[in-house]
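2 protein chains.
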Amino acid sequence: MSQAAKETAKAAANAGSTNADATRRPVITTPREREIHIERIFDAPRERVWRAYTDPKLVAQWWGRGNKLVIERLEVERGGHWRFVEHAPDGVHGFEGRFREVTPPSRLVQTFEWDGLPGHVVLETTTFEDLGDGRTRVVTDSLFFTNEERDGMLQLGMSDGLNQSYAALDRLLASL
Amino acid sequence: MSQAAKETAKAAANAGSTNADATRRPVITTPREREIHIERIFDAPRERVWRAYTDPKLVAQWWGRGNKLVIERLEVERGGHWRFVEHAPDGVHGFEGRFREVTPPSRLVQTFEWDGLPGHVVLETTTFEDLGDGRTRVVTDSLFFTNEERDGMLQLGMSDGLNQSYAALDRLLASL
């Protein structure tokens, strides 16, 4: 096969997978200072996606990317705290934060902090958009104190972990 | 007295009180985006000021501005949490955060969050400068997620509370 044909085949393959990608692959961009913007479409109605984000029993099944996840706290209300402990092959990782706003089933605003970088707090705004066809678009904007902290997060290989979490969420949503 | 003489007298009075002011009155400025910069000189050596900021028994005596203060947690180490509950005439107020950096006796970096505005996290960097004459300059830079959050804090009458806390700290330092 010529190089040009290979490119064409690749383009066709990409074109063929575009619809699947729109659902399966998160779009990660940095449109504003200190921010990471993530969009992902899930093949499930909004109420079900909301439950997967807020019910401790369900969160435990996807947030840890297949690793054991202990939900120590998940108080889904303004001022409530959350704390998860992930038992990964490379060690035990704690994550925690607090809810600034809880508006079911459309919006969560909460802080996020990894024990490995204490005090490096991220403000996460997650919106759940009903696409009207049984699917839901989840948009997460993460605001950091500085661009350096944001870029450090991007370099930590955030997108791999995110893909794994979202794939686990796909499976959970299909099973509910 | 002529207007000019009045101005001169006022200037002289201000000049006369400059030294006292440098010690007694915090200088609060907003030199950078999203930041509040505070400087205050204390008439005590740096080690003593450091203790007043990090020993729970001492913090309880000044941080609450004369109100009862319960120190629920004060883990002065990287990753350590802190949580104080102030019993003020207008109600009970919780404050909490986590240490990003602890470098005795010169530098503390920690987060700050008031229960009344959960998720509105402030990143505070406090430096303790030995002035070489038995006095210590304490500089606190508070970094907010947005200018709006910073300006909201300024409008909450932050400087009155700060004056009361620092006056209580003056008294404590003199007694140690």
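Those sequence lines, one after another, are chains A and B. According to the working numbering, the stretch in the first sequence is residues 1 to 176, in order. According to the working numbering, the stretch in the second sequence is residues 177 to 352, in order. Ideal Cβ positions, reconstructed from N, Cα and C, are used throughout, including at glycine.
Candidates the options: which alpha carbon is nearest residue i's?
{"i": "residue 147 (chain A)", "options": "A:88, A:36 and A:26", "result": "A:36"}
{"i": "residue 82 (chain A)", "options": "A:124, A:99, A:167 and A:120", "result": "A:99"}
{"i": "residue 217 (chain B)", "options": "B:307, B:229 and B:295", "result": "B:307"}
{"i": "residue 121 (chain A)", "options": "A:171, A:96 and A:176", "result": "A:96"}
{"i": "residue 208 (chain B)", "options": "B:318, B:338 and B:268", "result": "B:318"}
{"i": "residue 204 (chain B)", "options": "B:289, B:253, B:237 and B:316", "result": "B:316"}
{"i": "residue 134 (chain A)", "options": "A:45, A:150 and A:158", "result": "A:45"}
{"i": "residue 161 (chain A)", "options": "A:145, A:123 and A:86", "result": "A:86"}
{"i": "residue 168 (chain A)", "options": "A:111, A:61, A:25 and A:116", "result": "A:61"}
{"i": "residue 254 (chain B)", "options": "A:57, A:91, A:116 and A:111", "result": "A:116"}
{"i": "residue 25 (chain A)", "options": "A:154, A:155 and A:137", "result": "A:137"}
Using C-beta distances below 7 Å, list every residue in its chain close to residue i, excluding the 5 sequence neighbours before and after it, in chain order.
{"i": "residue 104 (chain A)", "result": "50"}
{"i": "residue 239 (chain B)", "result": "245, 260 and 341"}
{"i": "residue 224 (chain B)", "result": "349 and 352"}
{"i": "residue 241 (chain B)", "result": "337, 340, 341 and 344"}
{"i": "residue 56 (chain A)", "result": "71 and 74"}
{"i": "residue 197 (chain B)", "result": "At residue 197 (chain B), the pLDDT of 49 sits below 50, so the modelled position is not reliable and the matter cannot be decided from this model."}
Along the alpha helix (DSSP H) that carries residue i, what are the first and last residues, could you check?
{"i": "residue 326 (chain B)", "result": "323-331"}
{"i": "residue 230 (chain B)", "result": "222-230"}
Residue range of the beta strand (DSSP E) that residue i falls in?
{"i": "residue 340 (chain B)", "result": "No beta strand (DSSP E) holds residue 340 (chain B); the alpha helix (DSSP H) holding it covers 334-351."}
{"i": "residue 317 (chain B)", "result": "312-319"}
{"i": "residue 219 (chain B)", "result": "Residue 219 (chain B) -> no beta strand (DSSP E), and no H or E assigned at all."}
{"i": "residue 101 (chain A)", "result": "91-103"}
{"i": "residue 286 (chain B)", "result": "283-290"}
{"i": "residue 299 (chain B)", "result": "298-306"}
{"i": "residue 72 (chain A)", "result": "68-74"}
{"i": "residue 253 (chain B)", "result": "Unbroken run through residue 253 (chain B): none, as it is neither H nor E."}
{"i": "residue 29 (chain A)", "result": "27-29"}
Whose C-beta lies closer than 8 Å to the C-beta of residue i among residues of the same chain, with five residues either side of it excluded?
{"i": "residue 89 (chain A)", "result": "67"}
{"i": "residue 235 (chain B)", "result": "228, 229, 245, 247, 250 and 260"}
{"i": "residue 219 (chain B)", "result": "199, 310, 311, 346, 349 and 350"}
{"i": "residue 114 (chain A)", "result": "93, 94, 95 and 120"}
{"i": "residue 326 (chain B)", "result": "206, 210, 211, 212, 318 and 320"}
Short of 6 Å in beta carbon distance, which residues of its chain neighbour residue i, apart from the five on each side in sequence? Order them along the chain.
{"i": "residue 175 (chain A)", "result": "none"}
{"i": "residue 107 (chain A)", "result": "127"}
{"i": "residue 285 (chain B)", "result": "276, 277 and 301"}
{"i": "residue 80 (chain A)", "result": "99"}
{"i": "residue 76 (chain A)", "result": "54 and 102"}
{"i": "residue 215 (chain B)", "result": "203 and 315"}
{"i": "residue 335 (chain B)", "result": "204"}
{"i": "residue 112 (chain A)", "result": "97, 122 and 124"}
{"i": "residue 328 (chain B)", "result": "none"}
Indicate, with yes or no, if the ligand NAD has a heavy atom lying under 6 Å from the CB of residue i.
{"i": "residue 137 (chain A)", "result": "The model depicted lacks the ligand NAD and carries no ligand whatsoever."}
List the residues that DSSP assigns as beta-bridge partners of residue i.
{"i": "residue 86 (chain A)", "result": "A:69 and A:93"}
{"i": "residue 211 (chain B)", "result": "B:319"}
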